[in-house]
Each structure stands twice: as C-alpha cells, then as structure tokens.
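Down below is the structure, laid out as structure tokens.
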Amino acid sequence: MTYLLPSLRLWLLTLFVCVLAYASLVFGVAQALAPFRANGSIIEVGGRAVGSELVAQDFTEPRYFWPRPSAVDYDAMGAGGSNLSPTSQTLAERAAETVVRYGATADKPVPADLVAASGGGLDPHISLAGGLYQADRVAAARGIDAAVIRRLVQDAAIAPGGVLAPEPVVNVLQLNLALDRLEQ
Amino acid sequence: MLTAILTVILIVGGAALLSWPLGNYMAWLFSGRFARADRLFIRAVGDAPDQNWKQYSVALLAFNALMFAFAFLLLATQHALPLNPDGQTAAPLDLVFNTAASFTTNTNLQHYSGESTWSYLAQLGGLMWLQFVSAATGIAALAALARGIGGQASMGNFFLDLQRAAFCVLLPLAMIVACFIALRGVPMTFEGAAAVTTLEGVTQTIARGPAAAFVAIKQLGTNGGGFFGPNSTHPLENPDFWANSLQMISIIIIPMACVWMFGRIIGRMKHAGVIFGVMLVFLLVKIGGSVAFESAPTQAFANLPIMADVGNLEGKELRLGATTGPLWAVLTTSTSNGSVGAMHDSLNPLTGLMPMAGMWLNATFGGVGVGMINMFLYVVVAVFIAGMMVGRTPEYLGHKVEGREMRLAILALISHAVLILGGTAIFAATVWGQDTLNNVGAHGFSEILYEFSSAGANNGSGFEGLGDDTVPWNIATGLVMLIGRYLPIIVPLAIVGSLMAKKRSAESAGTLSVEGGTFGTMLVITILIFGALTFFPAAALGPIAEHVTLMR
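Chains A and B are the protein sequences, given in the same order. Everything in the first sequence is counted per our numbering, starting at 1 for the first residue and increasing by one. Everything in the second sequence is counted per our numbering, starting at 1001 for the first residue and increasing by one.
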C-alpha cells in the first residue's frame, strides 16, 4: 500500500496534466495560430481538396513533373521507405527501371534524387536539377516553349535551410499547380 | 563540407550551450529549491518521506508496473474506445505486449505503423503519456543516484522526483517545441484522415492527427517513437529544415543537461566537465565518421546513367539537407532516442556502423537520466582499474570501491552485451530471424544485430526492412527491453546504496583525481575496451563485411 496508493494518484495526475491539459493547449495554440498547417496543409483548388502541400502524390502523365520514387506507392496511410541497402541488387534493378522511364543515357544522366526513394515515401520535393531535367518532357507534352517551363522551375526553387542547406529544391505539387494555372 | 561543419556546430554547439543553464536549473529543482512547487507535489501523492535505495527502487518499479499495465489495457481495448476516427481495429496481443514494454522502458521500438494501427486515444493517452512518465523515471533515477554518491543521507523520494521531472522539466520544454513545430507544419488535429483527389484524378487518403504534441515529447524524452510509421522522415512529422533542426537539438539537450545536473548535485563540476568532454569526443568522432561515409554516392547506382555528384540519397528527404541523415543517425543512437531522420537500413554500410556503435556504448550522453547512470558504471570500472594499476585502494568521491561494487558494475555492463549478442546469435541461427529479412547476406545479419542492439540499449530505431511484427520478435525484444531497462537502473542504485553504507574518507594526494585529463583518458580507454571490443566481432560480420565485399 505504501507504494500502490501514491502510484495511483500519480497515474491520474500525470494523465490529466501531461495528456489532457498539454494536448488541449497545443491543440488550441496550433488551431488558433496556424489552422491550415494544423490540419495537414491541405490545398484546395476551386473548393476541392487536391492534396497536401507536404505530402507527395503520384504523377505519371508526361505533362506533369514527377516526384521522387516511393517504396509505398505514395500511400499516405502506410508511409515508408524501401529499406534496401545501398549495395543491394534489388535496388540496382529498381533504379534501372527508373532510368528507362526517364530515358536517361550516359550523355544525359538523371539526377540521383529522381532515382532514390525517400525515407517516408512521401517527399514532396525534387531537386532543382531534377526539375530542370524534366522540363523538356513537360514542355513537349504541353506544347509550351521549354524556356518558359524552365523559368517556372527556377522561380519555384528554394534553399530549404539557407546557407546551412543550400541545395535548392522544388515542391512538386506547387509546381504542377503553377503549370496548370499557366494554361488557363 | 562547409555546410556540414556549420550544421554540426549549430546543432551540437547550440544544444551544448543551452544544456548548461538547463542542467543548473534541474540541479536546483532536484535539490528542493522550488519549495512551493514541491509542497504541491507532496500533497498530490499524500506524503513523500525520504527513501533508501531499496525503497526508491521499489517505488520506481511499482509505478512502472502500473504504467505498463495501464498502457497494455488501453492498447488492447482501443477499438472499443472513443477518439478513433479512422476506425483502427483490435491489435494482436503480442504486438500490444511489445508496444507497452517498448514505451514503458523509454525504448519506443515500433513493430507497427502508427497511422494504420493505433487510435488517437491510444497514441495520446497510452503512448504519449508513457513518453512523459518513462522519461521522468530516468531523470528521477539519476537524481537519486547523484544524491547518494554525493554524500547525502537520503536518496530522496521517487514520487516527488517524478513530478519534478515531468512537470517542471519535460512539460514546459515540450510545450515550446510542440507549438514551434505545429507552426512549421506538423498537424495537430483530431479529425481523421483527409481524402483528396489528386491532379491526375486519383483518390489519396492522407493520415493526420494530433502529431505535434506527440513529436515534441518523443524528441525531448529520448523516446523516439513516431506518430507515423516512418518517424521523422515523414513530411508531416518533420516538415522543414527548421523544425528538423529544433528536433535534433531536442534529442540531445536533456541528456547533455543531465551531466551538468549530476555534477552540481555531487558538487564536482570539474568532474562533470571531464565526463561531458569524454562524451563529446565520442559524439564528434561518430558524427565525423558518419558524415564522411555517407557522402559516398549510392553504390547500386554505380553502373547506371545516374549523376554521382551527391551522397547516398536512398531513404533520405531533400528538405532536411544533406547533413541531416548521418548527423541525426548519430544523435539519435548516442542518446537512447531512436527517432530517425533518414532510413538507417539504407545508410552506407560503414555509416550504419556508427549508430550501432552508439547503442553498444550507450553512454555518449545516452538516454535522459539513464545515459549518465550508464556512464557512472564506466566511471566506477575506470576508477577500479586505475586503482589496481597503481596498487592503491580504488576510491570514487571518497567512497572505497571494492569487490562487491565491482561485481555489480560488471554485471550491469555484461548484461548489455549478453542480451544483444545472445539474442542476435539465436535469431541469426533460426527461422525466427532468417525468415524476416529484407536484405541478403551481411546486411541481413546487420538487420538482426541492429534490432537487438536497439532493444538492449532501449533505443528504438531499427533497420526497418526487418519484418519484425512476428510473435518471436515481439516477445524476444519485449523481454530484452524490460531487462535492458531495469537492470541498469536498479544495479547502480544498489552500488550507491552499498557505497553509502561505508564510512566516507577524505581525498588525499594519493587518491586518483577524477578531474583531469589523465582520468578522462582512462575513461575513454575503459569505454573502448568494454564497449567496443566486445562488439567488434559482430561488427565484422555485419557492416564491415558488407563494406569490404560490396563497396568499391
């Protein structure tokens, strides 16, 4: 009893403070200050939810920019990586398929991020180089001047961490939305 | 290279700077400086009398048993309870056992994906609650140990210490971190998954939930269990570079502060400085190795028309920057955190060895509270060996270290190796392990070795390709986590109890100083001999074999 009773009181108290009060407070702050982000950064176009700004979705048509490969086929209810070793034969075979899809050749090698699957399988970004690499295909599919498409990619690029992470990246969904707006 | 160095300075240096005031604050807190708060806490549990090491241990175990029982019940009945908008069904009991053991022991090994397994109530009321109280348990144990070894008559009271740690250390920090990452894009909603129609007209269902509150304490309490399956590689759990940076600092700050707290309670800040320095050296060596090894491009792409101008990108997220993967891998395994910012299974072979080494040593800052307790064991051994070498009775802070204390210290240190290597041997030799591998050859062995290292060190990260949601894995790692948690907490308390019972002698000129470079060197050698040599043969069969046979 010396230990049971204080344990029970501690159980109730910590549940109340560290779960109920804490979660309610964070919920209140997040919903009040940043409701868009607190609800999953869901983008709506014309009143229709088209995706999350932070979550990759599958693009297969040549007229859109394609995201990085996903080991879970962009399943946002069961995210995950390939978990293959970088020395794995299976990984080499998967990469060979991706290379064919992009039509890469020794003269025109594809940027590595377009071939490597991300950790969560939902990386919303590609590298700037990966975007520019796809510009000709997108331009041809849409019948738009490739220079215009390249400019669009350049404008969408950001350095995710300033000087600490300067390699520029492009948000694929935002880029594709901008593409669609271009043709309207 | 320059950006990598800048990032490491920002994260490790920033955390080290902040850990100093935090450590002082924690020392004051556990010395009873905040009397009004203490009175409230004492009233909350009725009474808080002084406890000796046995009473403190029993109180700790009693409350932890209650934690396990409650979490088990809640997880097992979640399908019948409210706050389940995505309609999660009943989970198998072996998984419930593994998960309850995992979060009670501050491990957060996850043989499931959160978004497809647990309801919001199970995640918050069960798992997030355990992330607070299990972390507080570790900090409380360190406070007790420091009081005892520092010469105080009593070890304090567990029920009071737990509230101090949970309400005055973890809660305010978690509040700050949770609000910041929520503003950067981690969801905090009780609505179920969002159904969207993609630009190409396909339906995508996007899991979300009250993740921000969960992720904050996951990092601060060296818990590491993710709200979503792929942990902090998931963009909704780690939305951008700045949320990522704060999460990395959160991983390491309290373990660092624990060293200063220990030093201030025992009144020997120079000694704490030596320990901090030794830990920092190990940390920086591992980070250096990890960042360097990971800058090699993905080996599997070598013969294909793929640009080789960047490091290995398999299993990594672009928004987090090139340094995050290898840096996070070291931080999360030096401490017993176990969250991941890149998929460890897809790290280059020698990079993958760095997190394993972190878990084998388990004292490079280590888990909140318990990391410093593990280091205490190494210190006792180092003092003993040094004493033997010069032919004097070994003393630590005026306490004579004799056979009984040494036997206990060795028991705790050896048990760590036996749990990891024994478990690995059994699973590598049988279908229990062989049938669950995602990779072949040496890397497959590494997957088994990593899983037991993670369970034994109460870390929780994994080579996640391993199909570990099986009955043998759930039960074996569940047991390893429980033994690997409580043995290394109770045994050091027993050692201190034994030292407290002896008459304390004044330190003389002949006593080995625990404050200088000589002692620091001695400590490094002890850790290397014990931690590193024990595990070297296993490392040679796994990551080293893979590197020499398959990397160019």
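The C-beta atom is built at its ideal place from N, Cα and C for all residues, glycine as well. Note that the structure is predicted; figures quoted are calculated from it, not measured.
Who are the neighbours of residue i on chain B, taking C-beta pairs under 9 Å?
i: Pro67/A; result: None at all; the shortest Cβ gap to chain B is about 10 Å.
i: Glu167/A; result: Thr1003, Val1310, Leu1318, Gly1321, Ala1322
i: Arg9/A; result: Ala1044, Val1045, Gly1046, Phe1159
Quick one: which chain A residues come within Cβ less than 8 Å of residue i?
i: Thr1137/B; result: Within 8 Å Cβ-Cβ: nothing; Thr1137/B doesn't reach chain A, min ~11 Å.
i: Gln1219/B; result: Simply none; closest approach about 14 Å.
i: Gln1088/B; result: Within chain A, no residue comes near Gln1088/B; the closest Cβ sits about 11 Å away, beyond 8 Å.
i: Lys1316/B; result: Ala116, Ser118, Gly119
i: Asp1240/B; result: Pro160
Going by DSSP, what residue range makes up the beta strand (DSSP E) through residue i?
i: Gln1204/B; result: 1203-1206
i: Val1186/B; result: Segment: none, Val1186/B is in no beta strand (DSSP E) and carries neither H nor E.
Determine the chain B residues that contact residue i at a beta-carbon separation under 7 Å, and present them in chain order.
i: Gln57/A; result: Thr1198, Gln1204
i: Leu13/A; result: Ala1044
Can you look up residue i in the DSSP assignment and give me helix, strand or coil?
i: Thr105/A; result: strand
i: Tyr1378/B; result: helix
i: Val48/A; result: Note that residue 48/A is Arg in the sequence shown, not Val. Strand.
i: Glu1395/B; result: strand
i: Lys1054/B; result: helix
i: Ile144/A; result: coil
i: Lys1286/B; result: helix
i: Lys1503/B; result: coil
i: Lys1316/B; result: coil
i: Val110/A; result: strand
i: Arg137/A; result: helix
i: Leu1236/B; result: coil
i: Arg151/A; result: helix
i: Tyr74/A; result: coil
i: Ala1091/B; result: coil
i: Ala79/A; result: coil
i: Gln1078/B; result: helix
i: Tyr1486/B; result: helix
Note the first and the last residue of the continuous alpha helix (DSSP H) segment covering residue i.
i: Asn171/A; result: No alpha helix (DSSP H) holds Asn171/A; the beta strand (DSSP E) holding it covers 169-171.
i: Ile1426/B; result: 1403-1429
i: His1547/B; result: 1545-1550
i: Asn1024/B; result: 1014-1030
i: Phe1535/B; result: 1533-1539
i: Leu1043/B; result: Note on identity: in this sequence residue 1043/B is Arg, with Leu being the wrong assignment. Arg1043/B -> alpha helix (DSSP H) spans 1035-1044.
i: Trp66/A; result: Taken as a continuous stretch (DSSP letters only), Trp66/A belongs to no alpha helix (DSSP H), as it is neither H nor E.
i: Ala1144/B; result: 1129-1149
i: Leu1512/B; result: Careful: Leu1512/B lies outside any alpha helix (DSSP H) and carries neither H nor E.
i: Val1330/B; result: 1324-1334
i: Val31/A; result: First, the amino acid is wrong: residue 31/A is Gln here, not Val. 22-33 is the span of the alpha helix (DSSP H), which, as asked, contains Gln31/A.
i: Cys1258/B; result: 1241-1266
i: Ser1446/B; result: 1441-1456
Strictly by DSSP, which residues pair up with residue i?
i: Thr1104/B; result: Looking at the DSSP assignment, Thr1104/B forms no beta bridge with any residue, so it has no partner.
i: Ile42/A; result: Ser52/A
i: Ala1194/B; result: Ile1206/B
i: His125/A; result: Asn171/A
i: Lys1400/B; result: Glu1395/B
i: Ile1306/B; result: Val110/A
i: Ile1373/B; result: None, per the DSSP bridge assignment.
i: Ile158/A; result: Val169/A
By the criterion of Cβ-Cβ separation under 7 Å, what are the contact partners of residue i in chain A?
i: Ser1346/B; result: Gly81, Ser82, Asn83, Leu84, Ser85, Pro86
i: Phe1560/B; result: The shown model of chain B, from 1001 to 1552, leaves out residue 1560/B, and the question about it has no answer.
Quick one: list the residues of chain B neighbouring residue i, beta-carbon separation under 8 Å, in chain order.
i: Val99/A; result: Leu1304, Pro1305, Ile1306
i: Ser70/A; result: Going along chain B, no residue has its Cβ under 8 Å from Ser70/A, so there is no contact; the nearest lies around 11 Å.
i: Glu61/A; result: Glu1200
i: Arg150/A; result: The premise fails here: Arg150/A is roughly 18 Å from chain B at the closest Cβ pair, so nothing lies under 8 Å.
i: Gly262/A; result: The shown model of chain A, from 1 to 184, leaves out residue 262/A, and the question about it has no answer.
i: Asp180/A; result: Leu1199
Which residues in chain A sit within 9 Å of residue i, going by Cβ to Cβ distance?
i: Ala1144/B; result: Within chain A, no residue comes near Ala1144/B; the closest Cβ sits about 15 Å away, beyond 9 Å.
i: Cys1179/B; result: Leu25, Val26, Val29, Ala30, Leu33
Quiz prompt | Three-pair Cβ contact test at 8 Å for the region 33-51 of chain A versus the region 1180-1199 of chain B | solution = Counting C-beta pairs closer than 8 Å gives three or more between the region 33-51 of chain A and the region 1180-1199 of chain B, which meets the contact rule.
Practice problem: Count the C-beta pairs between the region 1456-1469 of chain B and the region 1348-1366 of chain B that are closer than 8 Å, then say yes if the count reaches three, no if not. | Solution: These segments touch.
Practice problem: Pair every Cβ in the region 1523-1533 of chain B with every Cβ in the region 1271-1280 of chain B, then say whether three or more of these pairs are closer than 8 Å. | Solution: The region 1523-1533 of chain B is in contact with the region 1271-1280 of chain B.
Quiz item: When the Cβ atoms of the region 52-59 of chain A are set against those of the region 161-169 of chain A, are three or more pairs found closer than 8 Å?
Solution: Three or more beta-carbon pairs separated by less than 8 Å are not found between the region 52-59 of chain A and the region 161-169 of chain A, which leaves the two stretches without contact.
Quiz item: Are the region 1088-1104 of chain B and the region 1067-1078 of chain B in contact at 8 Å, needing three or more beta carbon pairs?
Solution: Taking a cut-off of 8 Å on C-beta distances, the region 1088-1104 of chain B touches the region 1067-1078 of chain B, as three or more cross pairs fall below it.
Practice problem: Count the C-beta pairs between the region 1284-1297 of chain B and the region 1309-1316 of chain B that are closer than 8 Å, then say yes if the count reaches three, no if not. | Solution: Here the region 1284-1297 of chain B makes contact with the region 1309-1316 of chain B; the two share three or more CB pairs at distances below 8 Å.
Quiz item: Per the contact definition of three or more C-beta pairs closer than 8 Å, is the region 1161-1179 of chain B in contact with the region 1136-1153 of chain B?
Solution: The region 1136-1153 of chain B, when compared against the region 1161-1179 of chain B, does touch it at the 8 Å Cβ threshold.
Exercise. Would you be able to state if there are at least three C-beta pairs under 8 Å between the region 1147-1154 of chain B and the region 1115-1133 of chain B?
Key: Per the Cβ contact rule, the region 1115-1133 of chain B is not in contact with the region 1147-1154 of chain B (fewer than 3 Cβ pairs under 8 Å).
Quiz item: Are three or more beta carbon pairs between the region 1327-1347 of chain B and the region 1230-1241 of chain B nearer than 8 Å?
Solution: Below 8 Å, enough C-beta pairs join the region 1327-1347 of chain B and the region 1230-1241 of chain B to call them touching: three or more.
Practice problem: Report yes or no: do the region 1496-1513 of chain B and the region 1245-1253 of chain B share at least 3 C-beta pairs separated by less than 8 Å? | Solution: Fewer than three Cβ pairs drawn from the region 1496-1513 of chain B and the region 1245-1253 of chain B lie within less than 8 Å of each other, which leaves the two stretches out of contact.
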